[in-house]
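Take a look at the structure below.
Protein chains: 2
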Amino acid sequence: MDESSYQRISMTLEEMAEHDRVFGALAQRTREFIDASLHTVVDHAEIEEVTAMLAAMTSRLTKEADPGYLGVKIGPDGSGRNHGNAVVGLRNPFAPPLKVEKTKDGTAFAAFRLGAAYEGPPDLVHGGVSALILDQMLGEAAAAGGAPGMTGRLNLTYRRPTPLGELSAKAWIHEVDGHKTTVKGHILGPDGEPTVEAQGLFILPRWAREALAAAKAKKAGHAFE
Amino acid sequence: MDESSYQRISMTLEEMAEHDRVFGALAQRTREFIDASLHTVVDHAEIEEVTAMLAAMTSRLTKEADPGYLGVKIGPDGSGRNHGNAVVGLRNPFAPPLKVEKTKDGTAFAAFRLGAAYEGPPDLVHGGVSALILDQMLGEAAAAGGAPGMTGRLNLTYRRPTPLGELSAKAWIHEVDGHKTTVKGHILGPDGEPTVEAQGLFILPRWAREALAAAKAKKAGHAFE
Numbered sequence: 001m002d003e004s005s006y007q008r009i010s011m012t013l014e015e016m017a018e019h020d021r022v023f024g025a026l027a028q029r030t031r032e033f034i035d036a037s038l039h040t041v042v043d044h045a046e047i048e049e050v051t052a053m054l055a056a057m058t059s060r061l062t063k064e065a066d067p068g069y070l071g072v073k074i075g076p077d078g079s080g081r082n083h084g085n086a087v088v089g090l091r092n093p094f095a096p097p098l099k100v101e102k103t104k105d106g107t108a109f110a111a112f113r114l115g116a117a118y119e120g121p122p123d124l125v126h127g128g129v130s131a132l133i134l135d136q137m138l139g140e141a142a143a144a145g146g147a148p149g150m151t152g153r154l155n156l157t158y159r160r161p162t163p164l165g166e167l168s169a170k171a172w173i174h175e176v177d178g179h180k181t182t183v184k185g186h187i188l189g190p191d192g193e194p195t196v197e198a199q200g201l202f203i204l205p206r207w208a209r210e211a212l213a214a215a216k217a218k219k220a221g222h223a224f225e
Numbered sequence: 001m002d003e004s005s006y007q008r009i010s011m012t013l014e015e016m017a018e019h020d021r022v023f024g025a026l027a028q029r030t031r032e033f034i035d036a037s038l039h040t041v042v043d044h045a046e047i048e049e050v051t052a053m054l055a056a057m058t059s060r061l062t063k064e065a066d067p068g069y070l071g072v073k074i075g076p077d078g079s080g081r082n083h084g085n086a087v088v089g090l091r092n093p094f095a096p097p098l099k100v101e102k103t104k105d106g107t108a109f110a111a112f113r114l115g116a117a118y119e120g121p122p123d124l125v126h127g128g129v130s131a132l133i134l135d136q137m138l139g140e141a142a143a144a145g146g147a148p149g150m151t152g153r154l155n156l157t158y159r160r161p162t163p164l165g166e167l168s169a170k171a172w173i174h175e176v177d178g179h180k181t182t183v184k185g186h187i188l189g190p191d192g193e194p195t196v197e198a199q200g201l202f203i204l205p206r207w208a209r210e211a212l213a214a215a216k217a218k219k220a221g222h223a224f225e
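First to last, the protein sequences are chains S and L.
Quick note on numbering: our numbering labels position 24 of the first sequence as 24, and the sequence is numbered without any gaps.
Quick note on numbering: our numbering labels position 84 of the second sequence as 84, and the sequence is numbered without any gaps.
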């Protein structure tokens with residue numbers, strides 16, 4: 001991964017909206033299918049028919065395919081498009097997806113529902129799924145506060161079991177030290193009390209620091225022209 | 001969650017094998033469909049047809065459904081069946097699924113492949129997905145060594161980016177202190193070098209400690225009969 005990973009897509013705003021509507025619906029219907037597959041008790045013959053249909057549909061999708069990953073693209077409006085992201089990705093059926101509300105002082109909030117696909121112990125959210133969500137939330141808060149980065153360290157404390165169902169999560173910047181940002185956050189249970197607490201260290205990669213420094217130097221140079 | 005969450009299923013070994021074959025295939029085809037949906041570049045009309053078919057298939061599955069979660073059941077052979085588990089669940093399309101090799105002295109190993117659905121930064125495994133996998137691996141090692149428990153604390157150190165593709169993970173018990181077990185582990189990149197390191201504290205819940213103590217007392221009582 002380097003600067004070239006973040007490519008601008010060649011779509012108009014209208015084309016982008018239509019693309020997102022079509023692929024967003026596919027991912028959403030896939031999420032519903034996954035949930036149904038974990039609750040269904042229809043007979044084996046029915047399951048086998050559905051399985052065969054699914055395989056045929058996969059063949060239709062793979063007829064024209066790009067072997068690369070979705071990554072992060074830049075829209076015509078300058079917006080970041082991380083549609084493959086495992087937590088917030090519009091096109092990723094694994095992602096609930098979280099819709100994260102952010103503020104410029106580095107806070108992030110999301111309300112979401114975790115169903116059968118996120119189970120660990122019986123009826124509870126998998127401890128690792130809580131970690132997955134908090135990693136994303138802490139990273140979102142860091143980026144929102146102007147100090148983006150990749151996870152360097154993540155420390156989780158599990159206070160109480162997290163039940164499957166309606167939940168929320170919060171994160172906020174605790175400290176910024178150059179290219180290192182410390183962020184805190186938690187998952188809140190249906191009663192609004194924290195179930196899992198997190199602290200993370202996010203580090204801006206060197207290539208990104210150099211790109212930012214070059215952009216700043218160029219700007220400073222212009223000031224003297 | 002309590003002892004009653006772990007129910008014995010009423011199937012013969014043959015019925016269980018057939019059930020697992022049928023539902024395992026459904027989950028596997030679903031994983032392939034998800035992967036295809038993240039790589040496809042077929043046109044919008046094709047995507048919309050597939051989306052409509054998927055919605056119809058969901059309706060077939062939900063005709064007879066159990067609103068409860070899969071949880072952890074006990075098979076007729078005494079084996080644990082956590083088929084809904086987000087990391088190792090046979091029926092969970094979200095799970096790669098990891099096939100974990102364990103030893104009685106508390107080690108766990110798994111080789112696995114993470115595709116497009118596990119992406120975070122471009123071409124890389126989501127930092128939270130690494131946490132998800134390590135949480136499960138550390139818990140498996142604790143349980144394998146006879147000291148099962150729920151995650152109390154999980155500390156992750158990200159040494160290098162983890163590329164999507166073929167990976168492996170290891171975990172081992174570091175220390176057992178009564179009902180608390182400290183476990184260490186890491187994810188290994190394609191070159192066999194650690195990318196993410198983890199240390200976790202796993203705690204056996206009180207209800208499980210009491211159930212185990214009661215079982216031991218009963219056994220001791222029998223010895224005096």
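Positions of the beta carbon are idealized from the N, C-alpha and C atoms, including for glycine.
In this text the structure is predicted, and so the values were computed from the model without any measurement.
Where residue i falls: helix, strand or coil (DSSP)
i, result
"residue 30 of chain S", "helix"
"residue 11 of chain S", "coil"
"residue 152 of chain S", "strand"
"residue 198 of chain S", "strand"
"residue 158 of chain L", "strand"
"residue 140 of chain L", "helix"
"residue 125 of chain L", "strand"
"residue 114 of chain L", "strand"
"residue 102 of chain S", "strand"
"residue 23 of chain L", "helix"
"residue 108 of chain L", "strand"
"residue 65 of chain L", "strand"
"residue 18 of chain L", "helix"
"residue 134 of chain S", "helix"
"residue 193 of chain L", "coil"
"residue 212 of chain L", "helix"
"residue 86 of chain S", "coil"
"residue 217 of chain S", "helix"
"residue 95 of chain L", "coil"
Residue i at chain S interface by Cβ criterion, 8 Å
i, result
"residue 20 of chain L", "no"
"residue 10 of chain L", "no"
"residue 104 of chain L", "no"
"residue 29 of chain L", "yes"
"residue 182 of chain L", "no"
"residue 16 of chain L", "no"
"residue 152 of chain L", "yes"
"residue 146 of chain L", "no"
"residue 44 of chain L", "yes"
"residue 23 of chain L", "yes"
"residue 209 of chain L", "no"
"residue 39 of chain L", "yes"
"residue 51 of chain L", "yes"
"residue 215 of chain L", "no"
"residue 188 of chain L", "no"
"residue 131 of chain L", "yes"
"residue 244 of chain L", "Lying outside 1 to 225, the shown extent of chain L, residue 244 of chain L is not represented and no answer is given."
Boundaries of the alpha helix (DSSP H) in which residue i is found, first to last residue
i, result
"residue 60 of chain S", "44 to 62"
"residue 41 of chain L", "It is not in any alpha helix (DSSP H) - residue 41 of chain L carries neither H nor E in the DSSP assignment."
Host beta strand (DSSP E) of residue i (start-end)
i, result
"residue 177 of chain S", "165 to 177"
"residue 185 of chain L", "180 to 188"
Any chain L beta carbon closer than 8 Å to residue i
i, result
"residue 34 of chain S", "yes"
"residue 93 of chain S", "yes"
"residue 236 of chain S", "The requested residue 236 of chain S does not occur in the structure, where chain S is confined to residues 1 to 225."
"residue 77 of chain S", "no"
"residue 123 of chain S", "yes"
"residue 120 of chain S", "yes"
"residue 67 of chain S", "yes"
"residue 178 of chain S", "no"
"residue 74 of chain S", "no"
"residue 224 of chain S", "Because the pLDDT at residue 224 of chain S is just 46, under 50, the model does not fix this residue reliably, and the value given afterwards should be weighed accordingly. No, residue 224 of chain S does not count as interfacial toward chain L."
"residue 108 of chain S", "no"
"residue 60 of chain S", "yes"
"residue 166 of chain S", "no"
"residue 143 of chain S", "no"
Cross-strand partners of residue i (DSSP beta bridge)
i, result
"residue 80 of chain S", "S:74"
"residue 203 of chain L", "L:150 and L:180"
"residue 6 of chain L", "L:72"
"residue 119 of chain L", "L:125"
Check: residue i C-beta below 7 Å from any heavy atom of the ligand PLP
i, result
"residue 7 of chain L", "Among the ligands in the structure shown, none appear at all, so the ligand PLP cannot be discussed."
Cutoff 8 Å: residue i Cβ touching any chain A Cβ
i, result
"residue 191 of chain S", "In the structure shown, chain A does not exist; the protein chains are S and L."
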